[in-house]
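Below is one structure; the comments refer to it alone.
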Amino acid sequence: MDHFLYQDGELFAEDVPLSCIARQVGSPVYVYSAATLRRHFGLFRQALDWTEHLVCFAVKSNSNLAVLKLMGDLGAGMDVVSGGEYRRAKAAGVPGERIVFSGVGKTVAEMRLAIEGGIRQFNIESEPEMRALSALAASMGAEVPVAIRVNPDVDAKTHEKIATGKAENKFGIPISRAVEVYAEAARLPGLKVVGIDVHIGSQLTDLAPFRAAYAKVAELTGVLRAKGHAITRLDLGGGLGIPYRRDNNAPPLPIEYGAVIRETVGHLGCEIEIEPGRNIVGNAGVLVSEVIYVKRGEDRDFLIVDAAMNDLLRPAMYGAHHDIVPLVEAAPGAAVQPYDVVGPVCESGDTFQKGAELPGMAAGDLIAFRSAGAYGAVMASEYNSRPLVPEVLVEGDHFAVIRARPTFEEMLGRDSIPAWL
Ligand SMILES: *Cc1c(COP(=O)(O)O)cnc(C)c1O
């Protein structure tokens with residue numbers, strides 16, 4: 001459930017009409033609902049209330065400082081995958097003890113930043129990385145908590161670009177080699193082994209792959225403990241999917257996901273960490289856009305809108321679907337017609353949806369792409385020299401711009417022309 005609902009024929013974010021935000025901030029614009037973020041975080045917390053746990057928000061899904069501050073104030077930890085995300089988490093006031101550092105290519109500079117600033121744990125993804133972290137930590141006289149990310153070779157049954165738990169993927173170490181790698185970790189200076197990490201992919205709509213992966217982690221916990229490793233923490237990753245289509249079978253709920261965790265690893269007495277991103281913020285955001293032209297094609301009508309693939313990349317990148325709805329509610333029983341909804345960017349891939357069923361639209365009408373809070377603004381670029389899309393946070397009957405649209409002066413000012421040209 002989210003807080004984007006029609007009231008008196010107009011689409012609202014909580015108690016604010018989206019058209020009012022579009023009028024004041026301009027279009028296109030991302031709009032997030034604070035109440036929805038809080039609600040979704042609470043559902044994960046509730047799903048794990050049977051054990052000691054930390055819900056670490058996956059910063060890569062939405063890294064706006066205001067969103068991170070809101071999550072951090074609720075007690076969330078943060079899962080970061082770069083030095084930049086680490087800085088964002090800290091800037092949002094989240095203490096290092098609640099920040100987990102994941103990612104396959106952490107540089108020494110990034111690891112140093114996190115050791116100096118404080119870190120809950122590094123999730124190690126390879127032996128070279130483990131040795132580099134050990135050498136760095138030892139040179140700094142530090143002992144850093146680590147978990148090793150294992151690749152359980154489980155098919156997450158999701159889009160191939162967001163599956164991460166198969167042997168062919170670049171993530172983690174093969175679970176078959178875990179005993180060997182943990183033995184080396186225990187010998188290396190500067191590292192304190194605290195747990196096991198796993199993350200098998202994103203937008204999972206079935207619990208079976210989670211169950212399979214977590215069962216393998218449970219088995220490995222027993223094996224590693226028998227070898228003398230103190231496994232006290234299990235980081236089970238993120239990945240629980242969301243409904244992108246209103247009419248669709250809904251994916252499992254956080255409470256059901258929590259039950260799978262309890263069933264598979266609950267008996268081990270470990271502290272549980274999870275790293276949801278999409279499930280917390282995906283349906284807490286929409287992208288509002290304005291129709292520029294309605295263009296009659298040979299065999300179809302195009303709705304040319306002012307948002308484009310550079311603002312919301314998921315359809316072009318993953319063939320992803322976002323429900324598109326008009327901000328003015330269609331009258332009950334009103335005729336709908338199919339439109340190909342496209343952006344102004346010079347790429348055929350700049351197509352949001354083919355044959356979207358919408359009431360008759362005209363230039364100047366406003367629409368919203370639903371479920372755009374995760375992997376939306378964070379993936380935006382300035383392709384075609386389009387300014388980065390701004391972001392707005394709504395709370396009850398008020399809202400704030402939490403990232404302003406850059407001016408063209410700012411955009412041009414980042415380039416420089418060498419004196420010898
Ligand atoms: C992307 C990612 C997540 C978050 O995935 P969601 O599908 O957004 O929940 C969590 N952990 C790691 C390591 C990731 O790479």
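In this text, residue positions in the sequence shown follow the UniProt record's numbering: the first is 1, and each later residue adds one. Quick reminder that beta carbons are idealized off the backbone N, C-alpha and C, glycines included.
Its Cα nearest to that of A178, the residue G222 stands out among G222, M71 and A13.
Judged by DSSP secondary structure, E391 falls outside any alpha helix (DSSP H) and instead within the beta strand (DSSP E) spanning E391 to E395. Taking all protein chains in view, the Cβ of K106 is crowded by 16 or more other Cβ atoms within 10 Å, so the residue is classified as buried. Looking at the DSSP output, Y32 sits in a beta bridge with G285 and L393. Beta-bridge partners assigned by DSSP to F399: V394. Counted as a single uninterrupted DSSP element, the alpha helix (DSSP H) harbouring V223 occupies residues A208 to A226. Here DSSP, grouped into helix, strand and coil, assigns V342 to strand. If you look at G75, you'll find it isn't in any alpha helix (DSSP H); DSSP assigns it neither H nor E. Between I200 and A156, the CB-CB gap stays under 7 Å.
Annotation: R149 to D197 spans about 4 Å, alpha carbon to alpha carbon. Under the three-state reduction of DSSP output, N123 falls in the strand class. Judged by DSSP secondary structure, R233 falls within the beta strand (DSSP E) whose first and last residues are R233 to D235. Scanning its chain for C-beta atoms nearer than 7 Å, with the 5 sequence neighbours on each side dropped, one finds around K69 the residues A92 and G93, in chain order. Under the DSSP assignment, V100 falls in the beta strand (DSSP E) whose first and last residues are I99 to F101. Collapsing the DSSP output to three states places L133 in a helix. Burial is judged here by how many other beta carbons sit within 10 angstroms of a residue's own beta carbon; E160 has fewer than 16 and is exposed. Contact holds between the stretch 307-322 and the stretch 344-360, because three or more Cβ pairs, one in each stretch, are under 8 Å apart. G241 sits away from P254, with the two beta carbons spaced by 7 Å or more.
For the stretch 231-270, the full-length alpha helix (DSSP H) segments reaching 4 residues or more read 254-265 along the chain. With a cut-off of 6 Å, the C-beta of E180 is classified as distant from ligand 1, since no heavy atom of the ligand falls inside that distance. Looking at Q203, L207, L204 and V193, the one whose alpha-carbon comes closest to that of I231 is V193. Collapsing the DSSP output to three states places F44 in a helix.
The bridge partners DSSP lists for G201 are A163.
Note on geometry: alpha-carbon atoms of M361 and P406 lie some 29 Å from one another. Three or more pairs of CB atoms, one per stretch, sit closer than 8 Å, so the stretch 77-92 contacts the stretch 56-63. Going by C-alpha positions, L327 is about 27 Å away from N384.
Not one heavy atom of ligand 1 lies closer than 6 Å to the C-beta of A147. In the structure shown, R149 falls within a strand segment according to DSSP collapsed to helix, strand and coil. Between P152 and I175, the C-beta gap is smaller than 7 Å, which places the two residues in contact. When the Cα atoms are used, L388 and M309 turn out to be separated by approximately 12 Å.
Here the distance from the Cβ of A58 to the nearest heavy atom of ligand 1 is below 6 Å. For R233, the Cβ stays outside the 6 Å cut-off from all heavy atoms of ligand 1.
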